[in-house]
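Written below as C-alpha cells is the structure these notes are about.
There are 4 protein chains.
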Amino acid sequence: PELLTPRAMAALLPGRPGDAHKGSVGRVLVAGGHAAYTGAPVLAALGAHRAGAGLVTVAYPAELRLNLPLESVRHPLESWSAGALAGVRAEAAAVGMGAGPLAHAAAEAVLALRLPTVLDADALRPELVQAYVREGVPAVITPHPGEAARLLGGEAGAVAAEPLEAARALAERFPKVVVVLKGGPTVLAWKAGEGLEFAVNTTGNPAMASGGTGDVLAGVVAALMAAGLPPWDAARLGVYLHGLSGDRRGRVGLLAHELADALPEARAALERGEVR
Amino acid sequence: PELLTPRAMAALLPGRPGDAHKGSVGRVLVAGGHAAYTGAPVLAALGAHRAGAGLVTVAYPAELRLNLPLESVRHPLESWSAGALAGVRAEAAAVGMGAGPLAHAAAEAVLALRLPTVLDADALRPELVQAYVREGVPAVITPHPGEAARLLGGEAGAVAAEPLEAARALAERFPKVVVVLKGGPTVLAWKAGEGLEFAVNTTGNPAMASGGTGDVLAGVVAALMAAGLPPWDAARLGVYLHGLSGDRRGRVGLLAHELADALPEARAALERGEVR
Amino acid sequence: PELLTPRAMAALLPGRPGDAHKGSVGRVLVAGGHAAYTGAPVLAALGAHRAGAGLVTVAYPAELRLNLPLESVRHPLESWSAGALAGVRAEAAAVGMGAGPLAHAAAEAVLALRLPTVLDADALRPELVQAYVREGVPAVITPHPGEAARLLGGEAGAVAAEPLEAARALAERFPKVVVVLKGGPTVLAWKAGEGLEFAVNTTGNPAMASGGTGDVLAGVVAALMAAGLPPWDAARLGVYLHGLSGDRRGRVGLLAHELADALPEARAALERGEVR
Amino acid sequence: PELLTPRAMAALLPGRPGDAHKGSVGRVLVAGGHAAYTGAPVLAALGAHRAGAGLVTVAYPAELRLNLPLESVRHPLESWSAGALAGVRAEAAAVGMGAGPLAHAAAEAVLALRLPTVLDADALRPELVQAYVREGVPAVITPHPGEAARLLGGEAGAVAAEPLEAARALAERFPKVVVVLKGGPTVLAWKAGEGLEFAVNTTGNPAMASGGTGDVLAGVVAALMAAGLPPWDAARLGVYLHGLSGDRRGRVGLLAHELADALPEARAALERGEVR
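Protein chains in written order, with the numbering used here: chain U, 897 to 1172; chain X, 897 to 1172; chain B, 897 to 1172; chain V, 897 to 1172.
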C-alpha cells in the first residue's frame, strides 16, 4: 500500500487563486446532532472551517442549542424530511456525527442532494452506504474498528487485528466508496474500477484517542472534497493533515477542538515543505 | 487610482486624547441577525469593538440567542418597526449582516436615525441605497461581486472581471455613497461632487475568503466613522486594516473572529510605523 | 494628593497564607444585570475572580441568560425583594453594573447585607449613596464624570475639567464613602474624619476607554475588600492594578474581559517588584 | 507518610498503547449540577478530559443549561431516579460537584452502577460514604476541612490543625475508602487491610484557593481510575498532577478551568522527567 508522504500530500493541497471568495473555495453541509451529542456536529463544522471551507452550513434538529462557531450558517430542522435540505448550497457534505437514532433519516435527506458525502458515526450502516453505491453518489466512510465490524457483520477485535484486510473487505463490499478505517495507523482503501487502491497514514498518535476527533476528521474530508478534490485524494490528505495536527499539538488530554484549531498551522507547514 | 499605502493610512488613524472615555471615542449600532445567521451581527459587533468603538449596541430580533461579546449592549426587538431604535445612542451604524429577509425593514429603521451607515450583505439592495442618497445620509456600501451585480442589475462574473468599472458604475449610480467592492484586490470609489475618487487596497489575501470576514469589515468601517472619520477615510482605513490583519494572521482555515481579534495589534503596528 | 506608586501599592497586596482556602481569601457578591446589559455583571464577576476572590456569587434577574464564568455561583432572582439575598455568603459586594432601572431595588437588597460595597453605574444615585452613609455601611463609589455630575447635581464637563474639585465635593457630600472618580487620570478622595484624603492614579491609558472596563474595576475593588483591605486601600490598589493591567495589554480595541484576564500577571509583576 | 515524588508519580502514569481508542483509555461519568452551580460539573468534566479520559458523559438535571465542552456527552435527566443512569458506559465516576440538595439522589443513582467513584462536595455525607463501604464499591472521597468535619462530626478548625489525624480518622471510619483531605498540603490516607497508608502531596500552592479547583480534581481522579489505576494510585497521581498544574500556572486570580487546561502540559513534563 501507499505510505502517505509529506511530499505527496503537499502536492494534493488545493490552491487558492487571487480572486477566491467564500463561495468559490468550497461550501460544506454538516448534518447531525441529537440531545446527547450537541458537540459532534459543531466539531465537524469546526473541522470544515479549519480545513478551508468558505461556508459551512449545519443542519440539525431545531430543539437543540448548538454552540456553533460564529462563522457557521444554521439550518435548524423540524424533522429530517425529504425536502428538509432543499435550498442548501454546498459542494460536499458530512453526515452522522452525533445523530444517534436520527442518523438514518439524516443520511437519506443528505443523499437527496447528491453531493460527495462523508458518512460517519451513526450513519455508518450497511443499508445507508449501499444507498450511496446504488445511487452512484461519491462517498467516503470513516469507521473505527467497531463501526467497521458493524458494516461487515464481524467483530471489532478482528477488524483491529487485521485492518488492511478489513479495509479491503469494506472496499469490496462498497465499490467506489472510499474507506477510511481509523486506527493506529489509519488505513484507506478504495475499489475504483478493477483494482483496489490502498494507503496507510503516517501521522497521528494515541493522544488523539478521545471523543470528537473523528467528528473533526469528517468535517476536514468534506471540506477538501468541497474544495474540488476527488474523494480518494480528499480522504488521504484529510487523514494526513488531521494526524499531522495531532502530532504537532498532541498530548494526552488534548481536546478535539484543539486538533481542529491546529489544522491551519499544520497545513501551512506542509505547504512550506517543513514537514518531513 | 490611489494605492493605499501604510504611510497614508497611518495618517488617518484617529487619535485618542488623554481624557477619552467610552462615550467619546465612537458608539456603533449594529443591526442584523436572523435564525440562520446568528453569528453575522456578532462578528460585526466584534469588528467594531476591535476597531476601537467605545460602545457597541446590537439590535436584533428578540427571538434569537446571540452569543454577543460581554462588552456589547443588547437591543432585542419585537420587530423592525419605525420606532424600534429610538433611544439608541450611536454616531454610526452598520446594517444588514445576517438579516436575511428582514434586511429591508432593518435598514429603514436604521435610516431613521440619520447616522453615517455601512450597508452590507442583505441590505445591499438598490432601493435601500437610493433611500440613503435621497435622504442625504452618509453611507458606505460593501458589496462582493455578486451583491454588486445585484445592485447594478448585471452579472457577478462581469463585475469580478472589471472591478474598477463596476465600482465606478456603482459610485455614479449612488452619488456620495462610498463604494467598497470586495475582491482581490478590494476597490473603492466615491463620487463626491464632480469628480470620482478611486482607491485600490494593497492588503489582504485569499485565505480571507471565508464566511464572516465581510461582517467584521462592516463593523470596522462603522467604528471608524463613529470615531469621527469621514466615510471615504473610514472605508479606506477600514479596508486597509482589515486586510493587514488578515496578512498578519491569515492562513487557510482562519476564522473571521480571529481576523477581528488581530486588529488591535495590526493597528498598533501601523501606528508605530512597522508596516511597509 | 498622594500619587499611587508601585512600592506603596505593592505593600497593600493582601498576602495568602499556606492554609488559605476558597472561603478564607474573600467572597464577593455581584448584583446587577438587565435585558440590555447581560455582560456587565459577568465582567464584574470576572474582575472579582481575577483579583483573587475565592468565591463569587452573582445575583441577577432570573429571566436573563448570563454567560458567567464556570467558576461563579449563580443566584437568579425572581425580584430584588428584601429577602432576596438572604443566605448569600460574602465579605464584600459590588452592585449596579448593568442593572438599569433595577439598580435601586438591587442596591437596597445589597444594603441589607451590611457588607462593604462598591456602588457602580446605575446604582450611583444620591439617595442610594446617602443610604449607605446613614446606615454606616462602608462604601466605595466609582462614578465617571457623567455619573459624578448626576450625584452632585452638576455638569459632566465641569467635573471632567476639575476632577480634584469634583472628587472633593463628592467626598464631602458623602462622608466616609470612598470616591473613585474615573478619568484620565482617575482621582480618589475620602473624608475619613476631620481631614480629606486624596490620591491620584498613575496607571491606565486611553485605550481603556471602552464599555465594560468600569464593570471589571467594580469587581476588582470588591474582591480586595473581601480579602480584608479597608475600602480606601482596596480602592487605591484596585484602581492601580486595573490601570497597570491596561498598560501591559492595552491597545485600542482591547476588550474589557482581556483587561480582567491580564490582572493576575500584572499583580504578580507588582508583587515581584518588576513595576516601576 | 509517603511524600509524593516526581519519580514515583511518573511511574504511575498510565501508558497509552499504539492501538488506543476513545473507548479503551477510560470513560468517565460525571454526575452533578444544580441551578446555583452550573459550572461545577462542567469543571469536573473538563478535569476528566484533560486527564486523558477517552469519553466523558455528564449526567445533570435536564432543566439546567450546562456550558459543556464540545467533546462531552450529555445525559440530561428528569430526575435522579434508580434507572436514570442505565445505559451509561463508563469505567469510573465522579459525583456531587454542584449537586446541592440533589447530591444524595445523584450519589445513590451512581452507586447502582458499581463503578469506582469519586465522592466530592455535596456527596460527602457519612451515610453516602458508608453505602459505598457497605456495597464494597471502590471510592475516593475528596473533602476540604469543612466537609471532613461534617463527615467526622467535628469542627473544621480541628481538622485543619491536625490534617494527618483527621485523614486517619476518616480512613478508619470508612475502611477501604481512599481519603483525600484537601489543604496546604493535601493529605491522603487509606485503610486497605490491617495497616493504614499515608501520603502527603508536595505540589500545589495558595493561589489554587478558589472556587472550582476541587471540581477539577474530582474529574482528574475519576479519569485516572477509568484509565485503570487503582483508587490509591489514581488519588495520589491525581492530586500530584493537579498541584503540579497549579504550580506551573498558578497566580492569584487563576481560574479553575485554566488549571484543568494546564494539565496536559504538566503531565507531559512529568513524563519527560522534567519535574524535580
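Note that CB positions come from ideal geometry on N, CA and C, so glycine has one too.
At a cut-off of 8 Å between beta carbons, residue 1079 of chain V contacts chain B. Taking a Cβ-Cβ threshold of 8 Å, the residues of chain X close to residue 1161 of chain U are 1147, in chain order. DSSP places residue 1065 of chain U within a helical segment (H, G or I) once states are collapsed to three. Counting only the Cα atoms, residue 998 of chain V lies some 7 Å from residue 930 of chain V. In the three-state reduction of the DSSP assignment, residue 1093 of chain X falls in the strand class. Rounded to whole angstroms, residue 969 of chain B and residue 937 of chain B show a C-alpha spacing of 12 Å.
Residues of chain U with a Cβ closer than 9 Å to the Cβ of residue 1111 of chain V do not exist, since the nearest Cβ in that chain sits about 16 Å away. In the DSSP assignment, residue 1120 of chain X falls within the unbroken alpha helix (DSSP H) covering 1109–1122. Counting only runs of 4 or more residues that sit fully inside the segment 981–1050 of chain B, the alpha helix (DSSP H) segments are 999–1007, 1022–1031, 1041–1048, in chain order.
Secondary structure at residue 902 of chain B: helix, using DSSP grouped into helix, strand and coil.
Think of a sphere of 8 Å around the beta carbon of residue 951 of chain X: the chain B residues whose beta carbon falls inside it are 1106, 1107, in chain order. Counting only residues of its own chain and dropping the five nearest sequence neighbours on each side, residue 961 of chain U has a CB closer than 8 Å to the CB of 934. One thing to note: residue 991 of chain X has its Cβ no nearer than 8 Å to the Cβ of residue 1065 of chain X. For residue 1073 of chain V, there is no enclosing alpha helix (DSSP H), as DSSP marks it with neither H nor E.
It is roughly 11 Å from the alpha-carbon of residue 1099 of chain B to the alpha-carbon of residue 1133 of chain B. DSSP places residue 1153 of chain V within a helical segment (H, G or I) once states are collapsed to three.
Counting only Cβ-Cβ distances below 7 Å, residue 1116 of chain V has no contacts in chain B at all, with the closest Cβ about 16 Å away. Using beta-carbon distances, residue 918 of chain V counts as an interface residue toward chain U, with a partner under 8 Å. Residue state for residue 1130 of chain U is assigned as helix, using DSSP reduced to three classes. A straight line joining the alpha-carbon of residue 1067 of chain U with that of residue 1118 of chain U spans about 19 Å. Scanning its chain for C-beta atoms nearer than 7 Å, with the 5 sequence neighbours on each side dropped, one finds around residue 1162 of chain V the residues 1137, 1140, 1141, 1144, in chain order. For residue 942 of chain B, the enclosing alpha helix (DSSP H) starts and ends at 936–946. According to DSSP, residue 1087 of chain U shares a beta bridge with U:1092. With a cutoff of 8 Å on beta-carbon distance, residue 1123 of chain V and residue 922 of chain V are scored as near each other. Here the segment 979–991 of chain X lies against the segment 1004–1021 of chain X, with 3 or more beta-carbon pairs under 8 Å apart. Scanning chain U for C-beta atoms nearer than 8 Å to the C-beta of residue 967 of chain V yields 935, 939, 1106, 1107, 1108, 1151, 1152, 1153, reported in chain order. Interface flag for residue 915 of chain B against chain V is set, since a Cβ pair is found closer than 8 Å. Under the DSSP definition of a beta bridge, residue 971 of chain V partners with V:955.
For the set V:1051, V:957, V:986, the Cα lying nearest the Cα of residue 949 of chain V is the one of V:986. The Cβ-Cβ distance between residue 966 of chain X and residue 1153 of chain B falls below 8 Å.
Residue 1105 of chain U is a Cβ neighbour of residue 912 of chain V, given a cutoff of 8 Å. Counting the other Cβ atoms within 10 Å of the Cβ of residue 1097 of chain B gives 16 or more, which makes it buried. If you check the CB distance, residue 1052 of chain U and residue 1041 of chain U come in under 8 Å.
Secondary structure of residue 1159 of chain X (DSSP, three-state): helix. Within its own chain, the residues whose Cβ lies closer than 8 Å to the Cβ of residue 1071 of chain X, once the five positions on either side in sequence are excluded, are 1029, 1087, listed in chain order.
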